[in-house]
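Residues 192 to 469, numbered by our numbering, are exactly what the sequence shown covers, in order.
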Amino acid sequence: MGSPHFSRRSIFTLLTGGVAAAAVGEARAGEIGTLPRAWPDGAKAAVSLTYDDGLNSQLDNAVPELKRLGWKATFFLTETNAHWRLADWEGLAHDGNEVANHTMTHPCALAGYSAGRFQSTEIDRMEGYLDQNFGPDRARTFAYPCGYLGLGRGGRHERYARYRRVLERDGVVAARTTAGGPNRPEVAAADPLHLHAFEPTYEADGVAPAIRYLNETVAQGGWAILVFHDVLPAWRTDGDTSVATHNKILAHIAGLDVWCAPMGQVFDYVETRWGRPA
Ligand SMILES: [Zn+2]
Numbered sequence: 192m193g194s195p196h197f198s199r200r201s202i203f204t205l206l207t208g209g210v211a212a213a214a215v216g217e218a219r220a221g222e223i224g225t226l227p228r229a230w231p232d233g234a235k236a237a238v239s240l241t242y243d244d245g246l247n248s249q250l251d252n253a254v255p256e257l258k259r260l261g262w263k264a265t266f267f268l269t270e271t272n273a274h275w276r277l278a279d280w281e282g283l284a285h286d287g288n289e290v291a292n293h294t295m296t297h298p299c300a301l302a303g304y305s306a307g308r309f310q311s312t313e314i315d316r317m318e319g320y321l322d323q324n325f326g327p328d329r330a331r332t333f334a335y336p337c338g339y340l341g342l343g344r345g346g347r348h349e350r351y352a353r354y355r356r357v358l359e360r361d362g363v364v365a366a367r368t369t370a371g372g373p374n375r376p377e378v379a380a381a382d383p384l385h386l387h388a389f390e391p392t393y394e395a396d397g398v399a400p401a402i403r404y405l406n407e408t409v410a411q412g413g414w415a416i417l418v419f420h421d422v423l424p425a426w427r428t429d430g431d432t433s434v435a436t437h438n439k440i441l442a443h444i445a446g447l448d449v450w451c452a453p454m455g456q457v458f459d460y461v462e463t464r465w466g467r468p469a
């Protein structure tokens, strides 16, 4: 800790036509709090589909259905997995999907890390990998590996505060956990590094939990973030989703009056509409 750190976004702004970029930022900042607090086009709620770990099965078994529906999603990559099919992930990003940071190697036991070592080996390096392969102009979002929110040693609040500082230093604007009810937009705008999400098939390959969660989200006018891992012809173990169940969940979403968009895009909208004026 301690060394001065500029977010990649601010460095990018400085390097590439900073005047125009700054003007856009100012206009946007001026809009905060003045626009109607409603989802686009009268939608009743928002849904973001997120796919973790950079798994080949997502490219092979989930992306075709997303393409068929014309939807974009968020893919939280680790370098460890993504490098196997980098060209496919690049194609996905080129098509308008979000690729974002899920660390280099997906460590889940974080007690032994100092903030500095975790930042340099897992967060900073992954941001660099994503910048190098996908360009610097992308959503700065993050998904906590294993949904663990504590970094290093100490009490729960201390470990979480340490983790957040690491993310903030790298310019991460929104981070997703793997628990909690549908996001209320005003809460998401106020606490963006603690976005709730739901793993609909984590314990069993069924559609019912997803339907309950989505219907609850619509009833609240909230924002559902769904988490998927391997999408396979048949469910094998915790975390998997069968192709049939995955496609049924997406079909249910298609029948709802919701806005389905990547996490960073929805967050951007939420921040503009529900964020407090600076
Ligand atoms: Zn993961």
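Every residue gets a Cβ at the ideal spot worked out from N, C-alpha and C, and that includes glycine.
Remember, predicted model here, so these are calculated numbers, not experimental data.
| Hey, L277 and N324 are a contact pair by Cβ (cut 8 Å); roughly how many whole angstroms apart? | 6 Å
| said: Below 6 Å, is the gap between the Cβ of D431 and the nearest heavy atom of ligand 1? | reply: Between ligand 1 and D431, a heavy atom-to-CB distance of less than 6 Å is absent.
| field | Residues sharing a beta bridge with C451, DSSP | value | V238
| Using the beta carbon as the reference atom, which residues fall closer than 6 Å to any heavy atom of ligand 1, ordered along the chain? | D243, D244, H293, H297, P336
| What is the residue span of the alpha helix (DSSP H) that R403 lies within? | Segment 399-411, the alpha helix (DSSP H) holding R403.
| message | For a test of the three-state rule: what should DSSP assign to N272, helix, strand or coil? | response | In this structure, N272 counts as helix in the three-state DSSP scheme.
| message | Excluding the 5 residues flanking P400 on each side, which residues of the same chain have their C-beta closer than 7 Å to its C-beta? | response | P391
| Distance, Cα to Cα, V378 vs I444? | 23 Å
| query | What is the residue span of the alpha helix (DSSP H) that L342 lies within? | reply | Where L342 is concerned, there is no enclosing alpha helix (DSSP H), given that its DSSP letter is neither H nor E.
| task | Starting from the Cα of A366, find the closest Cα among I402, S311, L340, H348 and give me that residue. | result | L340
| C-alpha distance - A213 paired with P383, whole-angstrom precision | Caution is warranted here: a pLDDT of 36 is assigned to A213, below 50, making its placement in the model unreliable, and no coordinate value can be reported.
| If W465 sits next to P231, beta carbons under 8 Å apart, how far is it from one beta carbon to the other, in whole angstroms? | In fact, because the Cβ distance is near 13 Å, the residues do not count as touching under 8 Å.
| task | Check whether the Cβ atoms of G430 and H420 sit closer than 7 Å, and answer yes or no. | result | yes
| request: Just mark R353 as buried or exposed, buried being the case when its beta carbon has 16 or more other beta carbons within 10 Å. | output: buried
| said: Quick check: the region 256-264 against the region 297-307, are at least 3 beta-carbon pairs closer than 8 Å? | reply: Touching, no.
| request: Report yes if the C-beta distance between E256 and L441 is below 7 Å; otherwise report no. | output: Yes, Cβ-Cβ distance for E256 and L441 is below 7 Å.
| Euclidean distance between Cα positions of C337 and I416 | 16 Å
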